[in-house]
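So the structure is just underneath, and the comments pick up after that.
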Amino acid sequence: MNRNLLLLGGAIIIIGVLWFALGRSGEDTTQIYAEAQRGPFEVIINTTGELQAKNSTQIMGPRNARDVRVYNFNIQRIIPEGTVVQRGDFVAELDRSEANTRLQDAQLNVQQAESQFEQAQLDSSLTLSAARNTLENLEFEVEERQLAVEQSIYESPSVQRQVEIAYEQTQRQLQQERENYVTRVRKEEARLRELETELIEEQRDLERIQQVIDEFTVYAPENGMVIYTRNGGTKVAEGSSVSAWNPVIAELPDFSVMESITFVNEVDIQKVRVNQLVDIGLDAIPDKSLSGVVTSVANIGEQRQNSDSKVFEVVIEINESDSVLRPSMTTSNAISIEEIAGAVYVPLETVFEFNGLDVVYKKAGLGVERQQVWLGSMNENDVVVKAGIEEGDEMLISMPTDTAGLKFIPLAEDVLQEIRAIEQAKMERQQEQQARQNQPRQAQEGMMRMDFQNMTQEQRDSLRRVFMNRGAGAQSGGARGGASGQVRVQVQSNGSGS
15 MNRNLLLLGG
25 AIIIIGVLWF
35 ALGRSGEDTT
45 QIYAEAQRGP
55 FEVIINTTGE
65 LQAKNSTQIM
75 GPRNARDVRV
85 YNFNIQRIIP
95 EGTVVQRGDF
105 VAELDRSEAN
115 TRLQDAQLNV
125 QQAESQFEQA
135 QLDSSLTLSA
145 ARNTLENLEF
155 EVEERQLAVE
165 QSIYESPSVQ
175 RQVEIAYEQT
185 QRQLQQEREN
195 YVTRVRKEEA
205 RLRELETELI
215 EEQRDLERIQ
225 QVIDEFTVYA
235 PENGMVIYTR
245 NGGTKVAEGS
255 SVSAWNPVIA
265 ELPDFSVMES
275 ITFVNEVDIQ
285 KVRVNQLVDI
295 GLDAIPDKSL
305 SGVVTSVANI
315 GEQRQNSDSK
325 VFEVVIEINE
335 SDSVLRPSMT
345 TSNAISIEEI
355 AGAVYVPLET
365 VFEFNGLDVV
375 YKKAGLGVER
385 QQVWLGSMNE
395 NDVVVKAGIE
405 EGDEMLISMP
415 TDTAGLKFIP
425 LAEDVLQEIR
435 AIEQAKMERQ
445 QEQQARQNQP
455 RQAQEGMMRM
465 DFQNMTQEQR
475 DSLRRVFMNR
485 GAGAQSGGAR
495 GGASGQVRVQ
505 VQSNGSGS
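Residues in the sequence shown are numbered from 15 upward in steps of one, following the working numbering.
Here's what the structure looks like:
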């Protein structure tokens, strides 16, 4: 019996020791572990997009509306989207109110120009007729004066001289009137040409307005399916306003080549490149799988409705041609950013931050250790670990409840040196880039110094005042997550830490 009591006491002591050891190790038996995996690792950006045809024929309203001072017009009537039309079929009717006002003004201008031209013709005819009568009277008077000169041979010399003077004066007057008549004719012809030109221009304006008004009834330029265009992100409809700067109201898409138009947030856009492969799905046809390639990445972001962040447009050309594809279908796009063969990776939930370092809580015997890791690329669920753990290692997916006394395992010294070298090379590249950007500025400053040497003292003083004024104006004025490949290095001695 004593032996049994001794065995029972020993068992109790062993259980107590094990319980104390487990408690001191910091392991929480309720915690869940995840195992490090090795295999192909793919970085994918998932987005939602919309199908559109790569090529399409635009259905446009009046192209020259701005020439007649019509800048906006509303859609009064438009056929339903998706209607299949033939060339010349009716598509839409636009509001002509403003154009009709321009037409009435143009008609009035033509009438006024016609009246002015006709009145000028009449006035010119009367003016020149009176001038011709004056010339005829003077010519008759010259003949009379000439006859008087011939008959004055029997008169005294003084009388003869008076008659000759009168004859010469009348001749000069006739010559002057002839010259005046020629000048008057030229002036009248110029005035009539000017008024005729104004009339022709007003008539042309009227014709242009009539041609523009004819285009307010829109017809299909060729065969196809009508797809409404978007104006400010919203599809046009009856009552929509159309700008004369972009009078497109609909399109006739070419379904042979389709594109998915999607938007990528400003955090991920740096990873997206032209020619990256994309797996595409259709919300309307879940079992349909398509493939595509990135063909365009916008350089400038835009603000989308109901979103605080900037996004960038990405165009994905679909490789397959399928009759079921239609514009405006919603697409799911998986853009393949990077593929790494034989990578060791863990769930993002297993990575934490400790004193500015990336760490995992790795299972070690009956407890856990705080292990520093070097992270690489990441996707939505996992992250590559370049150093610090191996395939099969187990990590907690949540921080231990008691971290006091946990052993900290830093990265090997050779790994830390490699990280430092990478960071140094990165910093040098940034400095070189900054230096290249500063070169034009330095060259410009050098030219300014050369110019300054050639300036007069007055010019130098003026330039100094400008710089002084410019200078015065200037004086008056938790769980770890992050970008792929971001590395934080801190050298610590081996040992425990909290």
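All C-beta atoms in this analysis are idealised placements derived from N, C-alpha and C, irrespective of residue type, glycine included.
Three-way DSSP call (helix, strand, coil) for residue i in this model
{"i": "T243", "result": "coil"}
{"i": "S342", "result": "coil"}
{"i": "D268", "result": "strand"}
{"i": "M392", "result": "strand"}
{"i": "L136", "result": "helix"}
{"i": "P171", "result": "helix"}
{"i": "T415", "result": "coil"}
{"i": "Y233", "result": "strand"}
{"i": "I403", "result": "coil"}
{"i": "I46", "result": "coil"}
{"i": "K302", "result": "coil"}
{"i": "N11", "result": "It is not possible to answer for residue 11, since the shown part of the chain is limited to 15 through 512."}
{"i": "N151", "result": "helix"}
{"i": "Q445", "result": "helix"}
{"i": "Y181", "result": "helix"}
Classification of residue i by the beta-carbon crowding that lies within 10 angstroms, buried from 16 upward
{"i": "E41", "result": "Unreliable placement is indicated for E41, whose pLDDT of 44 sits below 50; the coordinate value is still reported in the next sentence. E41 comes out buried."}
{"i": "Y359", "result": "buried"}
{"i": "K376", "result": "buried"}
{"i": "S274", "result": "buried"}
{"i": "G246", "result": "exposed"}
{"i": "M272", "result": "buried"}
{"i": "E215", "result": "exposed"}
{"i": "D396", "result": "buried"}
{"i": "A298", "result": "exposed"}
{"i": "R218", "result": "exposed"}
{"i": "T62", "result": "exposed"}
{"i": "G381", "result": "buried"}
{"i": "R287", "result": "exposed"}
Backbone CA spacing between residue i and residue j [nearest angstrom]
{"i": "V99", "j": "D137", "result": "58 Å"}
{"i": "A127", "j": "E64", "result": "55 Å"}
{"i": "I223", "j": "Y233", "result": "18 Å"}
{"i": "E212", "j": "N260", "result": "31 Å"}
{"i": "S323", "j": "M392", "result": "22 Å"}
{"i": "S129", "j": "V196", "result": "26 Å"}
{"i": "E437", "j": "I423", "result": "22 Å"}
{"i": "N151", "j": "R192", "result": "12 Å"}
{"i": "L420", "j": "V387", "result": "16 Å"}
{"i": "R101", "j": "S337", "result": "22 Å"}
{"i": "G402", "j": "D428", "result": "12 Å"}
{"i": "R318", "j": "A312", "result": "14 Å"}
{"i": "N369", "j": "E394", "result": "25 Å"}
{"i": "R91", "j": "N114", "result": "18 Å"}
{"i": "Q135", "j": "A120", "result": "22 Å"}
{"i": "S254", "j": "I241", "result": "15 Å"}
{"i": "L188", "j": "A144", "result": "14 Å"}
Limits of the beta strand (DSSP E) - the one that residue i falls within
{"i": "V382", "result": "G381 to Q386"}
{"i": "V328", "result": "K324 to I332"}
{"i": "S70", "result": "Q51 to M74"}
{"i": "L410", "result": "E408 to L410"}
{"i": "D293", "result": "L291 to L296"}
Any non-hydrogen atom of the ligand FMN within 7 Å of residue i CB
{"i": "R443", "result": "The ligand FMN is not part of the structure shown, which contains no ligands of any sort."}
Any 3 or more C-beta pairs closer than 8 Å across the stretch 257-271 and the stretch 221-239
yes
Give a yes or no on contact between the stretch 429-443 and the stretch 403-414, applying the rule of three or more CB pairs nearer than 8 Å.
no
Pair every Cβ in the stretch 285-294 with every Cβ in the stretch 347-359, then say whether three or more of these pairs are closer than 8 Å.
yes
Is it the case that the stretch 176-189 contacts the stretch 150-162, given that we only count it when at least three CB pairs across the two stretches are under 8 Å?
yes
Quick check: the stretch 46-60 against the stretch 355-374, are there 3 or more CB pairs under 8 Å?
yes
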